[in-house]
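K.L.:
The numbering of the sequence shown is our numbering, which starts it at 9 and goes up by one.
Dropping a structure here in structure tokens format, bear with me for questions.
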Amino acid sequence: METASVQGIKGDLGAQAANHDAFQELNLNTFVELLVAEMQAQDPLNPMDNQEILSQIAQIRAIESNSRLTSTLNAVLLGQNMATAGSLIGRQIAGLDANGDRITGTVDRVTVANGDATLHIGDKRVALKNVGEILPGGK
């Protein structure tokens, strides 16, 4: 029995994660392209009314606005995390490392990768979100 390959947004569907949401990949340009394609393919004897077009333009604006807001909030969150993590340099903390082991010690330095702040205690690492206590002492 022969099977056909079904193509997704980014290649074979079998290669994508089972919980992949293709709508997350849509951006303003894709939405505009879909709107233009819809308008070009509409029945000339029964075209979209102005209310539908205005509704879709409003959706485009809402998508772009949400995208800018998300970017701004992510930047603010990163700045807040850096400020919080930086204030812990020289302080004693207790938290969990990536393996779930409890780590206690003085924070030597802070790094950021992919928007996540990581505290370094000697050769051990604790993600900022895994800090459970700020202990007395240090600074």
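Note that beta-carbon positions come from the ideal geometry of N, C-alpha and C, so glycine has one too.
This structure is a prediction, so every number in the text was calculated from the model and none was measured.
Note down the Cα distance separating LYS132 from GLN67, rounded to an integer number of angstroms.
P.N.:
In the sequence shown, counting from the first residue as 1, residue 132 sits at position 124. In the sequence shown, counting from the first residue as 1, residue 67 sits at position 59. For LYS132 and GLN67, the distance between alpha carbons rounds to 47 Å.
K.L.:
Taking the alpha-carbon of GLY98 as reference, which of ALA49, LEU36 and ILE142 has the nearest alpha-carbon?
P.N.:
Position 90 of the sequence shown, counted from the first residue, corresponds to residue 98. Answer by Cα proximity: ILE142.
K.L.:
Which value, in whole angstroms, describes the spacing of the CA atoms of ASP57 and ASN37?
P.N.:
Looking up residue 57 in the sequence shown gives position 49. Looking up residue 37 in the sequence shown gives position 29. So the alpha carbons of these two residues sit roughly 22 Å apart.
K.L.:
State the DSSP-derived secondary structure class of GLY140, mapped to helix, strand or coil.
P.N.:
Working through the sequence shown from its first residue, we reach residue 140 at position 132. It is a strand residue.
K.L.:
Determine the burial state of LEU96: buried for a count of at least 16 other Cβ atoms within 10 Å of its Cβ, exposed for fewer.
P.N.:
Residue numbering aside, residue 96 sits at position 88 when the sequence shown is read from its first letter. With 16 or more Cβ atoms within 10 Å of its Cβ, LEU96 is classed as buried.
K.L.:
For ASN107, which of VAL120, VAL134 and ALA83 has the nearest alpha-carbon?
P.N.:
Here residue 107 refers to the residue found at position 99 of the sequence shown. Among VAL120, VAL134 and ALA83, the Cα nearest to that of ASN107 belongs to VAL134.
K.L.:
Counting along the chain, where does the alpha helix (DSSP H) carrying VAL100 start and finish?
P.N.:
The residue given as residue 100 occupies position 92 in the sequence shown. In the sequence on display, residue 100 carries Gln and not Val. No alpha helix (DSSP H) holds GLN100; the beta strand (DSSP E) holding it covers 99-104.
K.L.:
Just to confirm, is the Cβ distance from ASN89 to ALA125 under 8 Å?
P.N.:
Here residue 89 refers to the residue found at position 81 of the sequence shown. Here residue 125 refers to the residue found at position 117 of the sequence shown. The answer is yes: Cβ separation under 8 Å.
K.L.:
Alpha carbon to alpha carbon, how far is VAL139 from ARG76?
P.N.:
Walking along the sequence shown from the start, residue 139 turns up at place 131. Walking along the sequence shown from the start, residue 76 turns up at place 68. The alpha-carbon atoms of VAL139 and ARG76 are separated by roughly 30 Å.
K.L.:
What is the DSSP secondary structure of ALA66, reduced to helix, strand or coil?
P.N.:
What you label residue 66 is simply residue 58 of the sequence shown in a count that begins at 1. DSSP places ALA66 in helix when its eight states are reduced to three.
K.L.:
Going by DSSP, name the residue or residues bridged to ILE111.
P.N.:
Numbered from its first residue, the sequence shown carries residue 111 at position 103. In the DSSP output, where bridge partners are listed per residue, ILE111 has GLY103.
K.L.:
According to DSSP, is LEU86 part of a helix, a strand, or is it coil?
P.N.:
Here residue 86 refers to the residue found at position 78 of the sequence shown. Reduced to three states, the DSSP call for LEU86 is helix.
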